[in-house]
Amino acid sequence: GQQVMQIPQYQHVQEGEDFTTYCNSSTTLSNIQWYKQRPGGHPVFLIQLVKSGEVKKQKRLTFQFGEAKKNSSLHITATQTTDVGTYFCAGPISSGSARQLTFGSGTQLTVLP
Amino acid sequence: NAGVTQTPKFQVLKTGQSMTLQCAQDMNHEYMSWYRQDPGMGLRLIHYSVGAGITDQGEVPNGYNVSRSTTEDFPLRLLSAAPSQTSVYFCASSRDYRTDTQYFGPGTRLTVL
Numbered sequence: 002g003q004q005v006m007q008i009p010q011y012q013h014v015q016e017g018e019d020f021t022t023y024c025n026s027s028t029t030l031s032n033i034q035w036y037k038q039r040p041g042g043h044p045v046f047l048i049q050l051v052k053s054g055e056v057k058k059q060k061r062l063t064f065q066f067g068e069a070k071k072n073s074s075l076h077i078t079a080t081q082t083t084d085v086g087t088y089f090c091a092g093p094i095s096s097g098s099a100r101q102l103t104f105g106s107g108t109q110l111t112v113l114p
Numbered sequence: 022n023a024g025v026t027q028t029p030k031f032q033v034l035k036t037g038q039s040m041t042l043q044c045a046q047d048m049n050h051e052y053m054s055w056y057r058q059d060p061g062m063g064l065r066l067i068h069y070s071v072g073a074g075i076t077d078q079g080e081v082p083n084g085y086n087v088s089r090s091t092t093e094d095f096p097l098r099l100l101s102a103a104p105s106q107t108s109v110y111f112c113a114s115s116r117d118y119r120t121d122t123q124y125f126g127p128g129t130r131l132t133v134l
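Chains as they are written, first to last, in my numbering: chain U, 2 to 114; chain H, 22 to 134.
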């Protein structure tokens, strides 16, 4: 079945360093969503990318959607302790009667002060 | 709006017991889903519903039942709890699985002894 893979699983950075997480799908996606989950919390929507090659920015966060719409990345510039958490990508599946949003396994970011 | 609510927040069961995890949303969303989250496994879809009276299986449905009698409520039933079902359970809702933001509840932390 369709899979959404995410790397790395864990990332430790010093405060002020940059961070990138990568998401790859086995099939073309109509769109991709990114979520952030703080420790002990629930996933919260960050952004959705729809167009091939799309780049969106939210302050220090930069999101990209690949030209083939099979991969995406999230880059954080100059990390802060408030960036700590797990970042998930998610893509929709419509196969047969299935109507699902499939999440990647997530990248857990630790920021060392 | 309360958004998505889940009860209970914590639960301890003995092997073989049954219970129902409650989920409700007040946003008139058609799409609702249940995920379980285990360390290193990301969010795995258990069951989902595209509207009242319609449910379908996700990636890991065994041992769980759902029903959707109203738009607002989507309870998850554990038929005979097993230690492998120890996890954090999240309910989510959205207008549409494909293009709309998923709103997550605060989660239920379940331990099966």
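Just so you know, even glycine gets a beta-carbon here, dropped at the ideal spot from N, CA and C. Note that the structure is predicted; figures quoted are calculated from it, not measured.
Interface flag, residue i vs chain H, CB-CB below 9 Å
i	result
TYR36 of chain U	yes
LEU50 of chain U	no
GLY107 of chain U	yes
SER53 of chain U	no
GLN12 of chain U	no
GLN7 of chain U	yes
SER27 of chain U	no
SER73 of chain U	no
C-alpha distance - residue i paired with residue j, whole-angstrom precision
i	j	result
THR78 of chain U	ALA23 of chain H	34 Å
GLY179 of chain H	ALA91 of chain U	Summary: the structure shown does not reach residue 179 of chain H, with chain H confined to residues 22 through 134, and so no result is reported for it.
GLY17 of chain U	LEU62 of chain U	13 Å
TYR54 of chain U	PHE66 of chain U	It is worth fixing the name first, because residue 54 of chain U is Gly in this sequence and not Tyr. Spanning the two alpha carbons is a distance of roughly 5 Å.
LEU131 of chain H	ASN72 of chain U	34 Å
GLU51 of chain H	LEU47 of chain U	21 Å
TYR56 of chain H	GLN10 of chain U	19 Å
PHE95 of chain H	SER115 of chain H	13 Å
ARG65 of chain H	THR129 of chain H	15 Å
MET6 of chain U	THR28 of chain U	11 Å
LEU111 of chain U	THR87 of chain U	Note that residue 111 of chain U is Thr in the sequence shown here, rather than Leu. Between THR111 of chain U and THR87 of chain U, the C-alpha separation is close to 9 Å.
PRO82 of chain H	LYS52 of chain U	33 Å
HIS76 of chain U	ASP19 of chain U	7 Å
ASN49 of chain H	VAL85 of chain U	32 Å
THR64 of chain U	SER54 of chain H	In the sequence as presented, Thr is not what sits at residue 64 of chain U; that position holds Phe. Spanning the two alpha carbons is a distance of roughly 26 Å.
SER105 of chain H	ALA113 of chain H	22 Å
ARG119 of chain H	GLU80 of chain H	17 Å
GLN49 of chain U	GLN34 of chain U	4 Å
THR103 of chain U	GLY63 of chain H	10 Å
7 Å Cβ cut-off: residues of chain H touching residue i
i	result
GLN101 of chain U	LEU66, TYR69, GLY79 and TYR118
Neighbour flag for residue i against chain U, beta carbons, 9 Å
i	result
SER88 of chain H	no
SER54 of chain H	yes
MET40 of chain H	no
Cross-chain neighbours of residue i in chain U, by beta carbon under 9 Å
i	result
PRO127 of chain H	GLY42 and HIS43
Cβ neighbour criterion (16 or more within 10 Å) applied to residue i
i	result
TYR124 of chain H	buried
ILE8 of chain U	exposed
PRO60 of chain H	exposed
ASP47 of chain H	exposed
HIS43 of chain U	buried
THR13 of chain U	According to the sequence displayed, residue 13 of chain U carries His and not Thr. Flag for HIS13 of chain U reads exposed.
ASP29 of chain H	In the sequence on display, residue 29 of chain H carries Pro and not Asp. It is exposed - the Cβ of PRO29 of chain H has fewer than 16 other Cβ atoms within 10 Å.
GLY105 of chain U	buried
GLN81 of chain U	exposed
PHE111 of chain H	buried
PRO93 of chain U	buried
LEU134 of chain H	exposed
SER70 of chain H	buried
Residues that residue i contacts on chain U, provided the C-beta gap is smaller than 8 Å
i	result
GLN123 of chain H	GLN34, TYR36, PRO44, PHE46, ALA91 and LEU102
PHE111 of chain H	HIS43 and PRO44
Within chain U, partners of residue i - CB distance below 7 Å
i	result
MET62 of chain H	SER106
PHE95 of chain H	The premise fails here: PHE95 of chain H is roughly 15 Å from chain U at the closest Cβ pair, so nothing lies under 7 Å.
Legend entry - beta strand (DSSP E) runs contained entirely in the stretch 60 to 84 of chain U, provided each spans 3 or more residues: 62 to 66 and 72 to 77
Inset, instruction - Entirely within the stretch 43 to 85 of chain H and at least 4 residues each: give me those alpha helix (DSSP H) ranges in chain order. - result: none
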